[in-house]
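Novice: Residue numbers (UniProt numbering): 1 to 384. We put the beta carbon where it would ideally sit given N, CA and C, even for glycine. Structure in C-alpha cells, see below.
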C-alpha cells in the first residue's frame, strides 16, 4: 500500500490526480501506522500495565465492534491521564526512577488509556477516526480520537488532522480527580508543541517538522506568547495563596515624564528609590558580615582541628615510645635469664670438681687413714 502512504505524495501533479480522485479516497480509507505497529508507541510501563490489567483482559475483551467501544468511552472515561488518581506514587524517586520517563513503580492504569489501546487493536479506518473526532455525544470520545492520531499518525500529517479544531471551544477536564478544565483547541495545541503529557511522553516529532508546526501555529495565533514548547513563565504566590505567572516586562522600571507627574510625586518616588537603595546596601552589608563571620568561624574550626590532630600525634608517639622501651626491657630480661640458665650448669660442674679434689686431698693427708693401714699390716703379720 505504498500509494496510501502520506510520504509518497511528491510524484505527479495535482491535475494528473483529479481524474482518479475517487479511487484515491477509497484506497486512503486505510490509515497508515507510524512507528511501532505492536506497541502503538506507548510507554513500555503503561503498555505492560494495560495488557496485564483485569479491565482490559476481561471487560474490554468482550467488546468486538467499534460502536461498543465508543459506548464504553461514553460511560467510563472521565479524564485523560494515563494513571488513576493516587495509584502511582513517585515521591522520593529521582533520575530515571520517576517523572515522565515512566521507569519505576507503576500504578492503576486509567480506563482512557485502556480504551485507547483497544481502539488500536481494532485498526481504525479513516472514516471511523473521523467519526471519533467529530462525535457529538462526549468530548472524551473526541479527545481519545485526537490522542489516537498523536500516537499513531505520521508527524507530517498531524497539522492537517488538527487544523480545523485548533480553535474548538468545547471544554473537558483532563486531570484525574478533576481540577484542570481545558478547551479542546488548547489540548490540541499542547499535543503539537509539547512531548510531555502528565506522567508519560508522546512520540517525538522530528526537528524540521516541529519547526514547521511552530511556524504555522505562530501565524495562526500571533497573540500567543512565543514558543509554547520552551516558554517557562515565572510563577509566584499571591496573597490568596495561589500561583500566578508574571511577565518580565511588568517588573521593568518605567520612565515617568514630566508632564505626567508633579514635583511632590517625583520627590516621593525619589525618596522611595533612595530608601530601597539604602535597604539593599544594608542587606548586602549584612550578607558580607555573615560571610566574613562564617569565614572566621571556619578558620577557627580548622585551627582547632589541627591542634587536636597534633595532640593526637604526640600521644601516639609517646605510646609508641613507651611500647618500644617496654619491649626492650623485656628482651633484656629474657636475655639475662637465658645467659644465667646457660652459665648455671658450668658453675655447678666446677663446684663439684672442686669438692671432689678437696675430698681426695683430705683423704691423703688425714692421719686416720695411715693408722688404719698400719693396724691392718700388723694383723696380717700376726696371721700364720
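So residue 118 is in the beta strand (DSSP E); what residue range does that whole segment cover?
Specialist: Element bounds for residue 118: not the beta strand (DSSP E) but the alpha helix (DSSP H), 111 to 122.
Novice: In whole angstroms, what separates the C-alpha of residue 55 from that of residue 114?
Specialist: One C-alpha to the other measures close to 8 Å.
Novice: For residue 86, count neighbouring Cβ atoms within 10 angstroms of its own Cβ and tell me buried if that reaches 16, exposed if not.
Specialist: Residue 86 is exposed by the Cβ-count criterion.
Novice: At what residues does the alpha helix (DSSP H) containing residue 149 begin and finish?
Specialist: That run of the alpha helix (DSSP H) goes 139 to 152.
Novice: Which first and last residues belong to the beta strand (DSSP E) in which residue 163 is found?
Specialist: No beta strand (DSSP E) holds residue 163; DSSP gives it neither H nor E.
Novice: Ordered along the chain, which non-local residues of its own chain (more than five positions away) have a Cβ less than 7 Å from that of residue 216?
Specialist: Once the five neighbours on either side are set aside, the close Cβ partners of residue 216 are 159.
Novice: Anyone know if the C-beta pair for residue 132 and residue 122 falls short of 9 Å?
Specialist: Contact flag unset, no.
Novice: Based on the DSSP output, what are the partners of residue 171 in its beta bridges?
Specialist: The partner list for residue 171 (beta bridge, DSSP) reads 183.
Novice: Just verifying my parser: in three-state terms, what is the DSSP assignment at residue 201?
Specialist: Correct three-state label for residue 201: strand.
Novice: Where residue 226 and residue 136 are concerned, what is the direct C-alpha to C-alpha distance, given to the nearest angstrom?
Specialist: Note that residue 226 scores 49 on pLDDT, short of 50, meaning its location in the model is unreliable and no value can be drawn from it.
Novice: What does the alpha-carbon distance come out to for the pair residue 112 and residue 221?
Specialist: If I take the Cα positions, the gap works out to 30 Å.
Novice: Look at residue 81 and residue 174 and say whether their C-beta atoms are less than 9 Å apart.
Specialist: Yes; because the gap between Cβ atoms is below 9 Å, this pair is in contact.
Novice: Using the C-alpha atoms, what's the distance from residue 116 back to residue 148?
Specialist: Rounded to the nearest angstrom, the two C-alpha atoms are 7 Å apart.
Novice: Under 9 Å, do residue 163 and residue 184 count as touching if we go by C-beta distance?
Specialist: No.
Novice: Under the DSSP definition of a beta bridge, which residues are partnered with residue 196?
Specialist: The partner list for residue 196 (beta bridge, DSSP) reads 201.
Novice: Rank 88, 71 and 207 by C-alpha distance to the C-alpha of residue 140 and give the top, closest one.
Specialist: Nearest C-alpha to residue 140: 71.
Novice: According to the neighbour-count rule (16 or more other Cβ atoms, all chains shown, within 10 Å of its Cβ), is residue 46 buried or exposed?
Specialist: Buried.
Novice: For residue 153 versus residue 42, is the C-beta spacing smaller than 9 Å?
Specialist: It is not a contact, given that the beta carbons lie outside the stated cut-off.
Novice: Taking the alpha-carbon positions, what's the residue 64 to residue 194 distance?
Specialist: Each residue's Cα considered, the two are about 34 Å apart.
Novice: In angstroms, rounded to a whole number, what distance separates the CA positions of residue 110 and residue 57?
Specialist: Distance between the alpha carbons of residue 110 and residue 57 is about 14 Å.
Novice: Sorted by chain position, which residues of the same chain lie with C-beta nearer than 7 Å to residue 203's C-beta, five sequence neighbours on each side aside?
Specialist: Excluding positions up to five away in sequence, the list reads 35, 41 and 151.
Novice: Give the range of the alpha helix (DSSP H) segment to which residue 71 is assigned.
Specialist: Where residue 71 is concerned, the enclosing alpha helix (DSSP H) stretches over 66 to 76.
Novice: Near residue 118, what residues of its chain come up, given a Cβ to Cβ distance below 6 Å and the 5 sequence neighbours on each side ignored?
Specialist: Counting only Cβ-Cβ distances below 6 Å, and skipping sequence neighbours, we find 60 and 69.
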